[in-house]
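Q: Numbering (our numbering), first residue to last: 4 to 449. Have a look at this one.
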């Protein structure tokens, strides 16, 4: 049996143009004789590079990747909107494409007229559109607005009407490009139910999306594109897992570079006292009662200096990206030019909004300082990092018991926590769900 979609060795090359000059008017451009010269292509840009995949009839196939990876170009090539530079595409059956929000709609005419025009463009007769019109409008939830000009519609109304037309032309192949992102929760669920109905009806769906959960839940196979090149295809969970790993590696590199800059800035920061801030009650300039009110930066006498800070994962390697529940150790390298006897080590974890998630120090935890001389390492070991997904900042400090700062690094170290569970808040306590025998539920295996 022939597949519904067959893409073989497809490369799509676009020309890229630079803006060498700005024409004042078309007339001036023609008179100067430079229009053709100034609109030469500077270089070519391959949006797809030798991409091949097949989608069996009745299958739901997901395409994932970062922005600019070639996902939408692949869909346009399959839809026939774009022509491959090399390679070929075969599609069996009637195709309905929902690729761009409101594509094919004329803004000056009513939704009713646009439904008929779109339906006819997608291969229906006028009589067939009329027969399905009420069902389309009901699905789009636009009965009160169907005779209004489309230019008065919100983006969500545009999307609902376009989606409703696309799925009611009874397509053999449905092409969908990330349009569910603009729908509200209720309409999204309605669309997902319609996807399920189309699958049961043996329709073929090619879905481009950033929703990895949607790919794992609905797709029979998936393809990961990166910079126009097919990376891996096959089982959705395997493809999504490989994609997440690559994304996290990229995030790790960016966080490492950000923290390296923070370390360089901290190393070159001048020795200074605690920065003054405006007292919220009196309005006068005064040193903060604690570091939580100070801005990002570094201060202190440097009699004891923080020479380096590293976050270590459970594998013993330095990292900046962790998963909720991972073991993490904060390693602080310190050195003292002269021996000191009064010292306290402190640490604080803040979320991206500046809310303190946790803070402690060795004095609070009843460690009594004896002596610090030369160089040494302080390790703060967290058995399980029970934080929800998000970006966090780290405070590290060494000071006297009375708060006199030797070296305070305020919000200079960034790390990120990832989680497949999209819960909210800050802290993620260890927990279990329990249900009585009359309530039947089963966990979805990751």
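Here a beta-carbon is modelled for each residue, glycine too, at the ideal position from N, C-alpha and C. All figures in this text were calculated on a predicted structure; none of them were measured in a lab.
Measure the C-alpha to C-alpha separation of residue 370 and residue 383 and round it to an integer number of angstroms.
A: If you take the alpha carbons of residue 370 and residue 383, they lie about 13 Å apart.
Q: Around the Cβ of residue 323, are there at least 16 other Cβ atoms within 10 angstroms (buried) or fewer (exposed)?
A: It counts as buried.
Q: Kindly provide the ranges of any beta strand (DSSP E) runs that are 3 or more residues long and lie completely inside the region 144-212, ordered along the chain.
A: As far as the region 144-212 is concerned, its whole beta strand (DSSP E) runs of at least 3 residues are 176-180, 207-211.
Q: By how many angstroms is the C-alpha of residue 330 removed from the C-alpha of residue 132?
A: Those two C-alpha atoms are separated by around 59 Å.
Q: Find the nearest neighbour of residue 67 within the set 78, 89, 421, 334, judged by alpha-carbon distance.
A: Of 78, 89, 421, 334, the residue nearest in Cα terms is 78.
Q: For the alpha helix (DSSP H) that residue 74 lies in, which residues bound it at each end?
A: Residue 74 -> alpha helix (DSSP H) spans 74-82.
Q: Take residue 160 as the anchor and find which of 258, 108, 8, 200 has the nearest alpha-carbon.
A: Residue 108 is the option with its Cα nearest to residue 160.
Q: If residue 390 and residue 430 are in contact, beta carbons under 8 Å, what's the gap, nearest whole angstrom?
A: Sure, about 7 Å apart at Cβ, within 8 Å.
Q: Might you give, ordered along the chain, the residues of its own chain that have their beta carbon closer than 7 Å to the beta carbon of residue 5, omitting 5 neighbours on each side?
A: Once the five neighbours on either side are set aside, the close Cβ partners of residue 5 are 95.
Q: For residue 441, count the other beta carbons within 10 Å of its own beta carbon; 16 or more makes it buried, fewer makes it exposed. Which is it?
A: Classification of residue 441: exposed, given that the 10 Å Cβ count is below 16.
Q: Bridge partners of residue 340, per DSSP?
A: None, per the DSSP bridge assignment.
Q: Three or more beta-carbon pairs under 8 Å between the region 333-347 and the region 397-415, yes or no?
A: Touching, yes, given that three or more Cβ pairs across the two stretches are closer than 8 Å.
Q: From residue 240 to residue 8, what distance separates their C-alpha atoms?
A: Roughly 22 Å separates the two Cα atoms.
Q: Along the chain, where does the beta strand (DSSP E) containing residue 427 start, and where does it finish?
A: No beta strand (DSSP E) holds residue 427; DSSP gives it neither H nor E.
Q: What separation, rounded to the nearest whole angstrom, lies between the Cα atoms of residue 212 and residue 395?
A: Approximately 28 Å, taken between the alpha carbons.
Q: Count the other C-beta atoms from every protein chain shown that fall within 10 angstroms of the C-beta of residue 207, then say buried if there are 16 or more, exposed otherwise.
A: Answer is buried; the Cβ neighbour count reaches 16.
Q: Taking the DSSP output, what are the residues bridged to residue 378?
A: DSSP, once it has assigned bridges, lists 338 as partnering residue 378.
Q: Can you list, in chain order, the residues of its chain with a C-beta nearer than 8 Å to that of residue 50? Leave out the 5 residues immediately preceding and following it.
A: The residues are 15, 16, 17, 73, 76, 231.
Q: Does the region 349-362 come close enough to the region 306-320 that 3 or more CB-CB pairs lie under 8 Å?
A: The region 306-320 vs the region 349-362: no contact.
Q: Measuring alpha carbon to alpha carbon, tell me which of 315, 252, 381, 362 ends up nearest residue 337.
A: When only C-alpha atoms are compared, the closest one is 381.
Q: May I ask which residues mark the beginning and end of the beta strand (DSSP E) holding residue 229?
A: 224-229 is the span of the beta strand (DSSP E), which, as asked, contains residue 229.
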